[in-house]
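Novice: Under UniProt numbering, think of the first position of the sequence shown as 1, with each following residue one higher. Where a beta carbon is used, it is the ideal one built from N, C-alpha and C, also for glycine.
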Amino acid sequence: MKIARFSHTREGSSTPAIDYGIVDDDALVVLAGDPMFVGFETTGERVPLAKVGSLLAPVIPRSKVVAVGKNYHEHAAEMGGEAPGEPLLFLKPNTAVIGLGDAIVVPPQSERVDYEGELAVVIGKIARNVRAENAAEHIFGYTVANDVTARDLQEKDGQWTRAKGFDTFCPLGPVIETELAPDAVLRTRLNGELKQEAPISDMVHDIPSIVAYASSVFTLLPGDVILTGTPSGIGPMKAGDTVEVEVEGVGSLVNPVRAPK
1 MKIARFSHTR EGSSTPAIDY GIVDDDALVV LAGDPMFVGF ETTGERVPLA
51 KVGSLLAPVI PRSKVVAVGK NYHEHAAEMG GEAPGEPLLF LKPNTAVIGL
101 GDAIVVPPQS ERVDYEGELA VVIGKIARNV RAENAAEHIF GYTVANDVTA
151 RDLQEKDGQW TRAKGFDTFC PLGPVIETEL APDAVLRTRL NGELKQEAPI
201 SDMVHDIPSI VAYASSVFTL LPGDVILTGT PSGIGPMKAG DTVEVEVEGV
251 GSLVNPVRAP K
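1. One question on the structure: do Asn129 and Ser209 come within less than 8 Å of each other, judged by their Cβ atoms?
2. Per DSSP, what kind of secondary structure is Val59 in: helix, strand or coil?
3. How far does the alpha helix (DSSP H) with Met36 in it extend, from its first residue to its last?
4. Taking one C-beta from the segment 144–156 and one from the segment 195–206 each time, how about it: are there three or more such pairs within less than 8 Å?
5. By DSSP, does Gln159 sit in helix, in strand, or in coil?
6. Using a Cβ-Cβ cut-off of 6 Å (strictly less than) and excluding sequence neighbours within five positions of Lys164, which residues of its own chain qualify?
7. Which residue from Ser252, Val245, Glu11 and Val225 puts its Cα closest to that of Val121?
8. Bridge partners of Gly173, per DSSP?
9. Is Ser252 helix, strand or coil when you go by DSSP?
10. According to the neighbour-count rule (16 or more other Cβ atoms, all chains shown, within 10 Å of its Cβ), is Gly12 buried or exposed?
11. Using only alpha-carbon positions, find the residue among Gly117, His75 and Ala96 that is nearest to Ala57.
12. How far does the alpha helix (DSSP H) with Tyr213 in it reach, from first residue to last?
13. Exposed or buried, what is Gly251 when buried is set at 16 or more other beta-carbons lying within 10 Å of its beta-carbon?
As structure tokens, this is what we get:
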């Protein structure tokens, strides 16, 4: 099941509303509220996709975006090292989140901003010291992410907070998919050219292990997002480019890149 967060103008109103809906062919079945908190009760309204104002980031993390570094062997090698024996965790602020079609802004402090296509896990239930075999009980669904990184600042700072944390540096979308095929393939394209391609099964640490490890460090709350790492093929993007990250069965996340205004 695919769930969207979207804006539209209700009949009889001139003010855009933000709702959640289940994707049903060419329409969205409107939900009574955020399904992570109120379930899948519907209002009876259907909104044709053609009348949707825009698909928004499908989740705004309540407390944090947790990310995993060097979680594909070939990517670890291209970064100059081996994959860590345990998941390498870092955080991105929720103010970095944008949605489908929103612009990634290249900050003036950086001369190299990279794309990093990733699968994202959306937490649906409070998780603390969860065992890997029970991780699925705490996962609401999956979406697509771009862990945008100011590569030069990452190298300069020696840690990743600034390089990963600028506004617009965490595109998410287009929807949340509640089921994920274990052999789904992740692809990233820059201006239509394929740059990254790998099955998610190539992860060093799989999703249950990541959820268990992260929840042993800090409590995961409903709406928190975990970025599960990027495969090899990362590279720079510049103002005027368009980057697309696709995960089979979940969707494609497309964002333009622009200079600051």
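Specialist: On the basis of the supplied data:
1. no
2. coil
3. Pro35 to Val38
4. no
5. coil
6. Lys92 and Thr149
7. Val225
8. Val144
9. strand
10. exposed
11. Ala96
12. Ile207 to Ser215
13. buried
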